[in-house]
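Whatever position you read off the sequence shown (first residue = 1), add 1462 for the numbering used here. Here the structure comes first, spelled out in structure tokens, and everything after it is commentary.
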Amino acid sequence: MTPSPIGRRTDRVDGPAKVTGSAPYAADYRPEGLVHAHLVQATVGRGEVRGMDVSRAEAAPGVIAVFTPFRPLPLNPPSPQHSGENYSALQDTAVRFRGQIIGLVVADTAERARDAAALVTADYAVTPPRTSLADAGPGVPQGLVQKLAPGTPSIDAALASSPVTVTTSVSQHAQHHIAMEPHATTAVWVDDQLTVYTGAQAPQQAAATIAARLGVEPGKVRLICRYTGGGFGQRSPVWNEALLCAAAARELGRPVKLVLSREQVFTAIGHRGAVRQTIRLGADADGRLRALSHDSDGELPAAGGWRMMPGRETSAVMYRTPNIRIDQRLVTLDTPPTWSMRAPAEAPGMFALETAMDELAARTGVDPVELRLRNYATEDPVEGRRFSSKHLDECYRVGAQRFGWDRRSARPRSRTDGDWLIGMGMASAVYIAWRQPASARARFLDDGRVAVGSGTSDPGTGASTVLAVVAADELELPVGSITAEVGDSALPPGGVGAYGSSVTTSTVPAVQAACRAAVEALVRSAVDNPRSPFAGLDPASVRYRRGRVEARGRSVDFPTLLRAMGLPHVEAVGTAAPDQSASRYRFHCFGAHFCEVRVHRLTGEPRVNRFTSVFDVGRVVNAKAARGQLVGSIIWGIGHALLEADPIEPDGRFAAASMADYLVPVHADTPEIDVHWLDRPDPHISESGVRGLGEIGMISAAAAIGNAVYNATGVRVHDLPITLDKLL
């Protein structure tokens, strides 16, 4: 019997197209009659556009049109659930942040459009922008989460009665997604039908949003993103740049392409918002928690964006404690829109919590791993719901053994290697696991292939390969005979979208259902079609096995059968949704990070020396992709800890406006990374037990590094990133 490909190391099915350059991304489409657009952006942080001079741009070579608030492209206002922004570009003269789109220049070449855009000038009435969490005043409360033990009047009382208390305040600046592919859109109208080629994490939702904003029927917009060079949350909503490109193509009656520069992506597209947090822990002398308080103030731009609330899915679910309080506030700033970014609230939230837990370990003298085991939760400490599957305790033990945690000295600055101080740190990780209703289509083809498709997206996460592996397993065929189709709004709905580590969890049951339905359709055709060798047989007597249809001693492979019946294909759509009874559980992935760092005692330079992480992520579909996703997320965590930050100047300007200034980890920053997962199927999330794992690797990696830096130096850094000036 052919072994199942589930859990094996499978090469990416889209790999050859990507490495050979034959994979078409949004900017690679070149329809006939194509013209090019370039953005004009505001150069003040807040105010009003009083006037614009476009005469020089309109007179420049090759220029076709210049659109501004004084010559707008019509767009409908956004609905809150469909947009990262709460306004429509060019529909008014208000400037909400520096970098807001205030113009669009269209020319016959991209270079001419860019050069002409530089000739546009604007006159502003300027208002000082609000750019700092510290200076903007108190945030707006977002609802209190609190549970107190009987007889406890307040969280403050619970903390005051605790023998040991820890107060930890941390902060971090804005961060950027830095997807490999800059945002680009190619819009083509044929009569009243629009095809949009653009990166999207939720193709069907994006197509519906574009239709609504342009005022056309939803069925008249098709979005195609068969290849997308990264998303990380940034390609979840539809931003104004894509809408303007589509509107310009309709206005001019010609295909229009708009490709953003990296600098434009930093401001015209959402970023992870700045946040400051305070954790207060109360515990017994042996480290057992009595109380936990988590306060946060997150950036929410006046222009709209994603709500940074880091406490609910971190401190409110992680550790057992009788008293807990989560108070989250949002601060209105005049900054570019924010949006979710990989491990959106959990990465900053768990940095705060796990830093505080390490401080508690130091205060009580309890080993950090033992401290977490003493406060282990088997159910949500607020709601009391049990976790569907949790093996974090095993992650601690396996990770400590693989890493060599027993060699750690609890005393800071006790290990050296010449001028280098050596330290070890660890941290827990948690990320919500959620499953969306999803559909998929399976199609037997007469050339021997099976095409399986779903209207989700694969922004480099390996979703296409997951579809192929699951279909191959279900149909007992080689993975190479499966063609995966994603990134097209015309496909069956693939769930809410490719975010929240939910695609694999959602699409695996849908693909299984589609394959089973396709087998039934193939058998029905075989008994109903008069040209079939199985015509007239009882369907119950006909069997599909390993790509063949069998009955009464006859066995015919499906492509031969299809050709005999004169059918190019037989297909079916399958749909799968979460079991409603599963609501009594909390679904999460878990992990434990162990890290060793080196800090130069003279320069303060920190380096990550080695990393070990163990995860509880349910059943793994593709071991090769799983390792890549987890290692990639840990590397991102290194950036979170040591490199990534983009402060906003008082005038509203990002201090780091390009890849020359905004630092991300490179090979020299990346140590040996040992990744391991338990491969324990979650029995309650689906039949296959699969949970997503794209984001769990990043969560708390920064905390493990920070805790290791403390162990090496005795210096506790609370404000990310941990740079050498903070260690001198």
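Beta carbons are placed, not taken as given, at the ideal position from N, Cα and C, and that holds for glycine.
Tell me, to the nearest whole angstrom, how far the beta carbon of residue i is from that of residue j; I am working on the premise that it is less than 8 Å.
| i | j | result |
| --- | --- | --- |
| isoleucine 2147 | alanine 2038 | With 8 Å as the limit, isoleucine 2147 and alanine 2038 do not qualify as a contact, their Cβ atoms being about 12 Å apart. |
| phenylalanine 2056 | tryptophan 1867 | 6 Å |
| arginine 1546 | glycine 1766 | The sequence given here places glycine at residue 1546; arginine does not occur at that position. Between glycine 1766 and glycine 1546 the Cβ distance is about 6 Å, and since that is below 8 Å, they are a contact. |
| methionine 1770 | alanine 1807 | 6 Å |
| arginine 1782 | alanine 1839 | 4 Å |
| alanine 1925 | valine 1948 | 6 Å |
| valine 1502 | valine 1582 | 5 Å |
| histidine 1853 | leucine 2140 | 5 Å |
| glutamine 1604 | glutamine 1790 | 5 Å |
| proline 2068 | isoleucine 2184 | 6 Å |
| serine 1851 | proline 2040 | Going by Cβ atoms, the distance from serine 1851 to proline 2040 rounds to 15 Å, so no, they are not a contact pair. |
| alanine 1747 | proline 1625 | 5 Å |
| valine 1683 | alanine 1499 | At roughly 19 Å, the Cβ-Cβ gap does not stay under 8 Å, so valine 1683 and alanine 1499 are not in contact. |
By how many angstroms is the C-alpha of residue j removed from the C-alpha of residue i?
| i | j | result |
| --- | --- | --- |
| glutamate 1643 | leucine 1566 | 21 Å |
| alanine 2087 | glycine 2080 | 15 Å |
| methionine 1812 | isoleucine 1526 | 51 Å |
| leucine 1907 | histidine 2031 | 5 Å |
| proline 1784 | alanine 1649 | 56 Å |
| glutamate 1982 | leucine 1762 | 51 Å |
| isoleucine 1450 | alanine 1619 | Residue 1450 is absent from the structure shown; the chain starts at 1463 and stops at 2190. |
| glycine 2028 | glycine 1715 | 42 Å |
| aspartate 1879 | alanine 2174 | 11 Å |
| serine 1916 | glutamine 1655 | 22 Å |
| valine 1965 | proline 1615 | 43 Å |
| leucine 2023 | valine 2035 | 21 Å |
| glutamine 1608 | arginine 2060 | 40 Å |
| leucine 1754 | arginine 1592 | 32 Å |
| glycine 2053 | valine 1892 | 6 Å |
| glutamine 1898 | alanine 1930 | 19 Å |
| arginine 1688 | alanine 2002 | 39 Å |
| arginine 1869 | asparagine 2071 | 15 Å |
| serine 1994 | valine 1970 | 32 Å |
| valine 1481 | threonine 1629 | 50 Å |
| tyrosine 1858 | aspartate 1577 | 57 Å |
| alanine 1710 | leucine 1535 | 7 Å |
| alanine 1580 | alanine 1519 | 8 Å |
| tryptophan 1801 | leucine 1795 | 14 Å |
| arginine 1574 | leucine 1496 | 14 Å |
| arginine 2008 | valine 2152 | 24 Å |
Could you check if residue i is buried or exposed, using at least 16 other CB atoms within 10 Å of its CB as the buried criterion?
| i | result |
| --- | --- |
| aspartate 1476 | buried |
| proline 2112 | exposed |
| arginine 2016 | exposed |
| methionine 2121 | exposed |
| histidine 2129 | exposed |
| alanine 1902 | buried |
| arginine 2014 | exposed |
| serine 1777 | buried |
| glutamine 2042 | exposed |
| valine 1828 | buried |
| valine 1632 | buried |
| threonine 1530 | buried |
| leucine 2064 | exposed |
| valine 1774 | It is worth fixing the name first, because residue 1774 is arginine in this sequence and not valine. By the neighbour-count rule (16 or more Cβ atoms within 10 Å), arginine 1774 is buried. |
| threonine 1826 | buried |
| serine 1758 | buried |
| aspartate 1820 | buried |
| asparagine 2169 | buried |
| alanine 1521 | exposed |
| glutamate 1816 | buried |
| glutamate 1703 | buried |
| valine 1588 | exposed |
| glycine 1693 | buried |
| aspartate 2000 | exposed |
| valine 1602 | exposed |
Query - Every unbroken alpha helix (DSSP H) inside the segment 1493–1535 [4 residues or more] - result: 1517–1521
Report task. Scan the segment 2083–2152 and note each continuous beta strand (DSSP E) run of 3 residues or more that stays entirely inside, going in chain order. Result -> 2134–2139
Query raised in the report: Considering only residues of the segment 1700–1724, which uninterrupted beta strand (DSSP E) runs meet the minimum length of 3 residues and lie entirely inside it, listed in chain order?
Result: 1718–1721
Query raised in the report: For the segment 1843–1902, which segments carrying the beta strand (DSSP E) assignment without a break, of at least 3 residues, lie completely within its bounds, in sequence order?
Result: 1877–1879 and 1882–1894
Query raised in the report: Would you call the segment 1716–1732 and the segment 1938–1953 in contact, with 3 or more CB pairs under 8 Å?
Result: no
Requested in this report: Check whether the segment 1931–1942 touches the segment 2101–2112, counting contact only when three or more Cβ pairs, one atom from each stretch, lie closer than 8 Å.
Outcome: no
Query raised in the report: Whole beta strand (DSSP E) runs in the segment 1946–2026 with 3 or more residues, listed along the chain?
Result: 2005–2007, 2010–2013 and 2016–2019
**Report entry** Unbroken stretches of the beta strand (DSSP E), 3 residues or longer, contained in the segment 1743–1810
**Finding:** 1751–1763 and 1785–1795
Query raised in the report: Which residue spans inside the segment 1641–1692 form an unbroken beta strand (DSSP E) run of at least 3?
Result: 1646–1652, 1655–1660 and 1683–1686
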